[in-house]
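Residue numbers (our numbering), protein chains in the order written: chain E, 60 to 215; chain Y, 4 to 153.
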Amino acid sequence: MITVRLKDWRRYEALQELRAAFAFLERHADGRDLREGRNEIAGEEVYALALTAPLKPEEECVFETHPGHIDVIYLAAGEELIGYAPAGALGEAVSYDAAKDTAFYANFSGGSRVILAERDTVCVFYPEDGHRPWCQVSGPGRVRKIVVKVASGPIG
Amino acid sequence: MIALRLRDWRRYEGLVELQPAFAFLEEHGTGLADGRHEIAGDRVYAIVVTHQPKPVQECRFETHQRYADVVSLVSGSEMIGYAPAESLEAEGEYDGEKDLAFYRPPEFFTPVLLTAGMVAVFYPEDGHMPGCIYEREEVVRKIVVKVKVG
Chain E
60 MITVRLKDWR RYEALQELRA AFAFLERHAD GRDLREGRNE IAGEEVYALA LTAPLKPEEE
120 CVFETHPGHI DVIYLAAGEE LIGYAPAGAL GEAVSYDAAK DTAFYANFSG GSRVILAERD
180 TVCVFYPEDG HRPWCQVSGP GRVRKIVVKV ASGPIG
Chain Y
4 MIALRLRDWR RYEGLVELQP AFAFLEEHGT GLADGRHEIA GDRVYAIVVT HQPKPVQECR
64 FETHQRYADV VSLVSGSEMI GYAPAESLEA EGEYDGEKDL AFYRPPEFFT PVLLTAGMVA
124 VFYPEDGHMP GCIYEREEVV RKIVVKVKVG
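Given below as structure tokens:
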């Protein structure tokens, strides 16, 4: 898991698989020219989802992992709390949505709590990084989020 | 800032400056005495610490201009606060000899929870507040690998 301010992303530019995602976010930092839903970057290898949605109380949010993708998450508007814990700490997945490449974990509520600031923070979650998105920071709110999906897999 | 399990470090092997640190941690999980251990002169070295984490009110945010901290928990658990350095208000002057600056407590920060086997990497732009109690008071043994960065 990486947390970085968008303006500092070149600290991680040696991680080649992330470059297209960071460059895309830099070009579309205000999110205005993106349509809701899927936006193309490089076929199934790299694409972006623009999502506008309300946040939920933390206790209603669930941990998830994506065995075949890296999520590069950025907020064009709003602020959000995202939980993080290594997938190995989450126990067994209770379900897997193959269409969305998402495994869900019901029985874990600990972990780190990352605050994403508007038009500032980028979080990178690899397949081994459990994350719990869509949590409120302080009371009800909504976000416009850009998730760049990068095709990936097990390490090595 | 990076958080990971040590066993997963090759996900980040593209960050070549960190490779000696991860390799050292993989080789020396336990059995090192407290204090400084040489790896590559002043470019990369390790400090082994055994300590009792403190309540968060007694901990302070800090940054380093010349080194990245690669913090590995060998046993116990602790919370390390994270906030971008630019969002923090300095408290006192930067100490060039210790490569250390301190900051006032921020309103918001990200609590990074480290348990045995986990590693966190803090670059110069990453403010961090080490040594805080996580859930219960317990002695922590950790290895901090200092890596010189540009």
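Glycine included, every Cβ here is placed at the ideal spot set by N, Cα and C.
Under 8 Å from the C-beta of residue i: neighbouring residues of chain E
| i | result |
| --- | --- |
| residue 121/Y | 145 |
| residue 159/Y | Residue numbering for chain Y in the displayed model covers 4 to 153; residue 159/Y lies beyond these limits and cannot be assessed. |
| residue 1/Y | There is no way to answer for residue 1/Y, as the model of chain Y reaches only from 4 to 153. |
Spatial distance of residue i from residue j (CA atoms)
| i | j | result |
| --- | --- | --- |
| residue 76/E | residue 87/E | 19 Å |
| residue 32/Y | residue 139/Y | 23 Å |
| residue 151/Y | residue 72/Y | 9 Å |
| residue 15/Y | residue 215/E | 10 Å |
| residue 3/Y | residue 82/E | As shown, chain Y starts at 4 and ends at 153. That puts residue 3/Y outside it, with no answer to give. |
| residue 100/E | residue 56/Y | 46 Å |
| residue 120/E | residue 54/Y | 35 Å |
| residue 89/Y | residue 129/Y | 9 Å |
| residue 121/Y | residue 127/E | 23 Å |
| residue 29/Y | residue 60/E | 19 Å |
| residue 183/E | residue 62/E | 7 Å |
| residue 35/Y | residue 19/Y | 24 Å |
| residue 85/Y | residue 111/Y | 9 Å |
| residue 89/E | residue 37/Y | 49 Å |
| residue 41/Y | residue 48/Y | 5 Å |
| residue 61/Y | residue 142/Y | 16 Å |
| residue 80/Y | residue 91/E | 43 Å |
| residue 190/E | residue 171/E | 9 Å |
Chain-ordered chain Y contacts of residue i [CB-CB under 8 Å]
| i | result |
| --- | --- |
| residue 74/E | 15, 17, 18 |
| residue 215/E | 13 |
| residue 70/E | 126, 128 |
Identified DSSP bridge partners for residue i
| i | result |
| --- | --- |
| residue 64/Y | 106/Y |
| residue 41/Y | 48/Y |
| residue 142/E | 172/E, 191/E |
| residue 133/E | 181/E, 205/E |
| residue 139/Y | 137/Y |
| residue 149/Y | 48/Y, 72/Y |
| residue 115/E | 194/E |
| residue 83/Y | 115/Y |
| residue 126/Y | BP columns for residue 126/Y are empty, so no partner. |
| residue 96/E | 109/E |
Residue i: contacting residues in chain E (beta-carbon distance under 9 Å)
| i | result |
| --- | --- |
| residue 116/Y | 143, 144, 169, 170, 171, 172 |
Own chain residues within Cβ distance below 7 Å of residue i, not counting five before or after
| i | result |
| --- | --- |
| residue 58/Y | 136 |
| residue 137/E | 177, 200, 201, 202, 203 |
| residue 93/Y | 104, 106 |
Cβ-based neighbour list, residue i, same chain, cut-off 6 Å, excluding 5 preceding and 5 following
| i | result |
| --- | --- |
| residue 133/Y | 83 |
| residue 116/Y | 82, 137 |
| residue 95/Y | 105 |
| residue 78/Y | 119, 144 |
| residue 187/E | 146 |
| residue 25/Y | 12 |
Residue i and residue j closer than 7 Å at C-beta
| i | j | result |
| --- | --- | --- |
| residue 145/E | residue 201/E | no |
| residue 141/E | residue 173/E | yes |
| residue 185/E | residue 129/E | yes |
| residue 63/Y | residue 50/Y | no |
| residue 177/E | residue 134/E | yes |
| residue 153/Y | residue 73/E | no |
| residue 106/E | residue 94/E | no |
| residue 149/Y | residue 52/Y | no |
| residue 91/Y | residue 114/Y | no |
| residue 149/E | residue 167/E | yes |
| residue 208/E | residue 110/E | no |
| residue 123/Y | residue 74/Y | yes |
| residue 102/Y | residue 70/Y | yes |
| residue 151/E | residue 175/E | no |
Same chain only: Cβ atoms within 8 Å of residue i, ignoring 5 sequence neighbours per side
| i | result |
| --- | --- |
| residue 161/E | 123, 124, 125, 155 |
| residue 216/E | Residue 216/E lies beyond the residue range present for chain E, which begins at 60 and ends at 215; the question has no answer from this structure. |
| residue 43/Y | 23 |
| residue 64/E | 179, 180, 181 |
| residue 10/Y | 120 |
Under 7 Å by beta carbon: chain Y residues contacting residue i
| i | result |
| --- | --- |
| residue 185/E | 14 |
| residue 67/E | 128 |
Listed by chain order, chain E residues near residue i by CB distance under 7 Å
| i | result |
| --- | --- |
| residue 87/Y | 64 |
| residue 111/Y | 174 |
Any non-hydrogen atom of the ligand GTP within 6 Å of residue i CB
| i | result |
| --- | --- |
| residue 79/E | No copy of the ligand GTP appears in this structure; indeed no ligand is present at all. |
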